[in-house]
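A quick write-up on the structure given underneath.
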Amino acid sequence: MTESTVTLTTADGLSLEVRRWQDDTVPHRWTFVVVHGLGEHSGRYQHLAAWFTPLGATVYAMDQRGHGRSGGQRGHAPGLNPSNTPITSTGRSSALRC
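If you use my numbering, the sequence shown closes out at 472, no skipped numbers anywhere.
Here it is, written out as structure tokens:
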């Protein structure tokens, strides 16, 4: 399993880190996007990626605002309105092709 990262920039200029895990020895069959909880970071889900990638999954996980390697006030979420978060576009973004 290989891990790569890319940094996305939000409309308000904040940097968000996205991790991608993939097993290059098996064909890609599906995409799995992990959304971590409060007080966590995307790296905590490497074990989950290790389980799914041999089955053909490409796994993405984004450090949300204020978490992990992303920018923003530590542990602060500005709100839960889906239009204020890049989570809804994470799976569609061409920038995720790390």
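Glycine included, C-beta positions come from ideal geometry on N, C-alpha and C.
Over what stretch of residues does the beta strand (DSSP E) that includes residue i continue unbroken?
i	result
L388	Per DSSP, L388 belongs to no beta strand (DSSP E) and is neither H nor E.
T432	431 to 436
Ends of the alpha helix (DSSP H) at residue i?
i	result
L483	As displayed, the chain neither begins before 375 nor continues past 472, which places residue 483 out of reach and without an answer.
Beta-carbon within less than 7 Å of residue i's beta-carbon, same chain only, minus the 5 sequence neighbours each way: which residues are those?
i	result
D398	T376
Between the alpha carbons of residue i and residue j, how many angstroms are there, rounded?
i	j	result
D437	G449	11 Å
E391	V400	25 Å
Can you list, in chain order, the residues of its chain with a C-beta nearer than 6 Å to that of residue i? Leave out the 5 residues immediately preceding and following it.
i	result
W395	M375, E377, A423, T427, V433
F406	F426, A431, V433
T435	Reading off the sequence shown, one finds Ala at residue 435, where the question assumed Thr. These residues qualify, in order along the chain: R393, V408, S416, Y419.
Evaluate residue i with the Cβ neighbour count: other Cβ atoms within 10 Å of its Cβ, from every protein chain shown; 16 or more gives buried, anything less gives exposed.
i	result
H441	buried
Below 8 Å CB to CB, which residues in the same chain sit around residue i once its five sequence neighbours on both sides are set aside?
i	result
G446	L388, R439, G440
Mapping the DSSP letters down to three states, classify residue i as helix, strand or coil.
i	result
Q420	helix
N427	It is Thr, not Asn, that sits at residue 427 in the sequence shown. If DSSP states are grouped into helix, strand and coil, T427 belongs with the helices.
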